[in-house]
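Heads up: the sequence shown is residues 106 to 432, going by this note's numbering.
Note that the Cβ used here is the ideal one computed from N, Cα and C, for glycine as well.
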Amino acid sequence: MEKLCHGEINQFVDWHDTDGNIINASDGGIIFANGKYHWYGMAFRPLPFLSGPDGGQMTNMGVVMYESSDLLNWKYEGVILEVKNDPESELFAPLRFERPKIIYNDKTKKYVLWCHFVKYPGNHGNNKGECDMGLAVCDTVNGKYTWLGYSKPIDDNGCVRDMTVYKDKDGCAYLIYDRHTNLLREDRCLYVVKLSDDYLSFTSTYKRIESAIWREAPVVVFKEGYYYIITSGLTGWKTNQAKAFRTKHLLEQWEDIGDPCVDDFTHTTFNTQGSNAFLVEGTDTQIIMLERHNTSNFVKSSYVWLPVEFNGDNTISLRYKKEYCFE
Ligand code: GAL
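Right, here's the structure in full:
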């Protein structure tokens, strides 16, 4: 690929790896390590599993990874977190490792993967293992990650839904997640939870983002003293209007700064939902990774990567581009 191709907002565009296969790495992220970008995500199930109400939205592979030097040409590196055939295993498939996020711990020298874990058969529910945070760890960025199990931050009452992980400049890391304890609208809200120094557990330090009621798909970016979270509303796979929040301190009050999308005439975040953000090495450009989920064939969901525009007044904008070249 020479540039990113997104097509029209109602179009699904396939991106291929260097072997010519469709890139199937849902709602993951990019980590830069050993001089290369590594793109990872949950592999949706292929066509033969599409029948039935839940289609191909679970995985029978796990989390996969691709590597690239230019963010355009991606070489498949294989499955980094594998599902298991053993019904006794927590990783018995199909299941979901939704929104996996990997951060590197400079002290322990481990790569730590958190995800929203939904055990076999991968249906979102409220029981143990159906709405939890999953954890895996590895000594190398693209090795086989060791599963360390699942748990809940804050307390055992809060269901874990969409999440992300953010590593701050000082090395502290935070989990941002959509939590609910009941079905009342005001109860369901994004929370920020500080991780332990080794990133392998939660601390008791957290903040409920009061302004972020009924939001999900959080993506964090930082610029000039402000942290921003770009979120979606809650309409399942159906796309909806984005909303951003900002703060100067992750564990303090967050301010609702509205929809960052410019000319998003359908109010659907350009028919996408966010998954992560990354910095283009050697530049100031931060890219938001969005995904256009294809519910009639999840494997053919497509990716939309847009530069986040930071405005002088500490607001952000996203502008749709049918194609994009990195600067
Ligand atoms: C979306 C959410 C996805 C997935 C989906 C399932 O709203 O962002 O991560 O959970 O719902 O319906």
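- Shortest gap from the CB of Glu195 to any heavy atom of ligand 1: 7 Å or more.
- Here Cys366 is buried. Its C-beta has 16 or more other C-beta atoms within 10 Å.
- Judged by DSSP secondary structure, Cys243 falls within the beta strand (DSSP E) whose first and last residues are Asp237 to Cys243.
- The alpha-carbon of Phe117 is positioned some 11 Å away from that of Val404.
- The beta carbons of Glu315 and Ser337 sit about 18 Å from each other, so the pair does not count as a contact at 8 Å.
- Sequence-distant Cβ neighbours of Asn419 in its own chain, meaning closer than 6 Å and more than five residues away, are Tyr331.
- Across the set Asp122, Phe149, Gly134 and Cys110, the C-alpha of Phe149 shows the shortest separation from the C-alpha of Asn402.
- The closest heavy atom of ligand 1 lies 7 Å or more from the beta carbon of Gly133.
- As the crow flies, the alpha-carbon of Cys277 is around 34 Å from that of Lys108.
- Within the same chain, Cβ atoms closer than 6 Å to the Cβ of Arg284 are found at Gly263 and Tyr296, the five residues on either side in sequence being excluded.
- When rounded, the separation of the alpha-carbon atoms in Leu339 and Asn190 is 33 Å.
- With contacts defined by Cβ atoms closer than 8 Å, Lys427 and Glu193 do not form a contacting pair.
- For ligand 1, a non-hydrogen atom lies closer than 7 Å to the CB of Trp342.
- In the displayed model, Asp267 falls within a strand according to three-state DSSP.
- Relative to ligand 1, Ala322 has its C-beta within less than 7 Å of a heavy atom.
- Per DSSP, reduced to three states, the secondary structure at Glu182 is strand.
- When secondary structure is reduced to three states using DSSP, Asp292 falls in the helix class.
- The Cβ atoms of Tyr271 and Leu186 do not sit closer than 8 Å to each other.
- For Ile281, the closest C-alpha among the options Arg204, Trp144 and Phe137 is that of Arg204.
- A Cβ-Cβ contact shorter than 8 Å links Trp144 with Ser173.
- Note on geometry: alpha-carbon atoms of Glu414 and Ile421 lie some 5 Å from one another.
- Uninterrupted alpha helix (DSSP H) stretches at least 4 residues long and entirely within the stretch 202-240 do not occur.
- In the displayed model, Lys405 falls within a helix according to three-state DSSP.
- Here Thr308 carries a strand assignment [DSSP, helix/strand/coil].
- As computed with DSSP, Pro412 is found in a beta bridge with Ile392.
- For the 8 Å CB-CB criterion, Cys236 and Arg201 do not form a contact.
- Judged by DSSP secondary structure, Leu253 falls within the beta strand (DSSP E) whose first and last residues are Thr251 to Ser256.
- Pairing Ile207 with Val184, the inter-Cα distance amounts to about 14 Å.
- Around Gly227, the same chain offers Met163, Pro199, Leu200 and Arg201 as residues with beta carbons nearer than 6 Å, after the five sequence neighbours per side are excluded.
- In chain order, Phe117, Ser131, Phe149, Glu396, Arg397, His398 and Asn399 place their CB closer than 8 Å to the CB of Ser406, counting only its own chain and leaving out the 5 sequence neighbours on each side.
- One Cα belongs to Lys353, the other to Asp364, and the distance between them is close to 19 Å.
- From the listed residues Lys212, Thr213 and Ser256, the smallest Cα separation to Asn232 is found for Ser256.
- Between the alpha carbons of Ser309 and Ile259 lies a gap of roughly 6 Å.
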